[in-house]
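Chains as they are written, first to last, in my numbering: chain S, 9 to 122; chain F, 14 to 129. Note that the Cβ used here is the ideal one computed from N, Cα and C, for glycine as well. First up is the structure itself, then whatever we jot down about it.
If you want it as structure tokens, here you go:
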């Protein structure tokens, strides 16, 4: 158990809909990362937050947004969903953005868009 | 930009066989290198790391050496077990002025299956 909790574990929805994925980092970790894992793209970095502020942005679509709340949990919002958004979405956390690079991953939220 | 290339998989071995999974990278600056492992139904977890050239990372019988001259970080294990069956990801992180250090760039992953 990495200490990172993601909900929901599985989600099935239709095209055009909006969903929210939730992540609780390890106790004491201030930095949260979101990754998307798909068969064709592999593991892609989406976005990073540190202590409530956006720190780095990767290949995140404009239809996607995220935030980190004062209690340090994070939410990833996916809107106007398309079939190609079906993927496993991982949240990871670390103590700080300038640490050793070791991230602790949750078990992921599997999104299926029909 | 940064990139990581792993050998094509999947890899299927018999128990006690020797394992090598190749990994090469392209990066600006001086990256740190990692191997992460993903067991079925679980998230990724760090297997080993190396932060500078010629460093050797090791854990659970796995080893990898940071080779700057060949930009490689190949994963090896002398005798694999059935319990090593998983997906293995090579990754790098670059420290761009102290920001975004934790952002990892991953390879495509290599599926390893070990048979008894």
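Item, Value
"Ordered list of beta strand (DSSP E) runs contained in the region 67 to 102 of chain S, each at least 3 residues", "72 to 76, 82 to 86 and 95 to 102"
"Alpha-carbon spacing of residue 72 of chain S relative to residue 100 of chain F, whole angstroms", "27 Å"
"Complete alpha helix (DSSP H) runs within the region 50 to 93 of chain F (minimum length 4 residues, chain order)", "none"
"Any C-beta of chain S under 8 Å from that of residue 55 of chain F", "yes"
"DSSP bridge partner residues for residue 30 of chain S (one or two, in chain order)", "S:15 and S:83"
"Nearest-angstrom beta carbon gap, residue 119 of chain S and residue 27 of chain S [assumed within contact, 8 Å]", "7 Å"
"First through last residue of the beta strand (DSSP E) which encompasses residue 27 of chain F", "24 to 27"
"Residue from F:58, F:80, F:39 and F:28 with nearest C-alpha to residue 90 of chain F", "F:28"
"Three-state secondary structure assigned by DSSP to residue 35 of chain S", "coil"
"From S:92, S:98 and S:122, residue whose alpha carbon lies closest to that of residue 51 of chain F", "S:98"
"Residue 66 of chain F burial status per 10 Å Cβ neighbour count (16 or more: buried)", "exposed"
"Any C-beta of chain S under 8 Å from that of residue 65 of chain F", "no"
"Chain-ordered chain S contacts of residue 86 of chain F [CB-CB under 8 Å]", "In chain order: nothing, as chain S lies at least about 13 Å away."
"Residue 76 of chain S burial status per 10 Å Cβ neighbour count (16 or more: buried)", "buried"
"Residue 55 of chain S, buried or exposed, once every other Cβ within 10 Å from all chains shown has been counted against 16", "buried"
"Option in S:37, S:85 and S:43 with minimal Cα separation from residue 59 of chain S", "S:37"
"Chain S contact residues for residue 122 of chain F, given Cβ-Cβ distances below 8 Å", "50 and 51"
"Per-residue contacts from residue 114 of chain S into chain F (C-beta, under 8 Å)", "56"
"Where the beta strand (DSSP E) containing residue 64 of chain S begins and where it ends", "61 to 65"
"is_contact[residue 60 of chain S, chain F] using C-beta, thresh 8 Å", "no"
"Strand pairing of residue 119 of chain S, partner residues [DSSP]", "S:19 and S:95"
"CB of residue 79 of chain F within 8 Å of CB of residue 26 of chain F, strictly", "no"
"Reference residue 49 of chain S; option with closest CA among F:129, F:72 and F:121", "F:121"
"For residue 46 of chain S, the residue or residues it bridges with in DSSP", "S:50"
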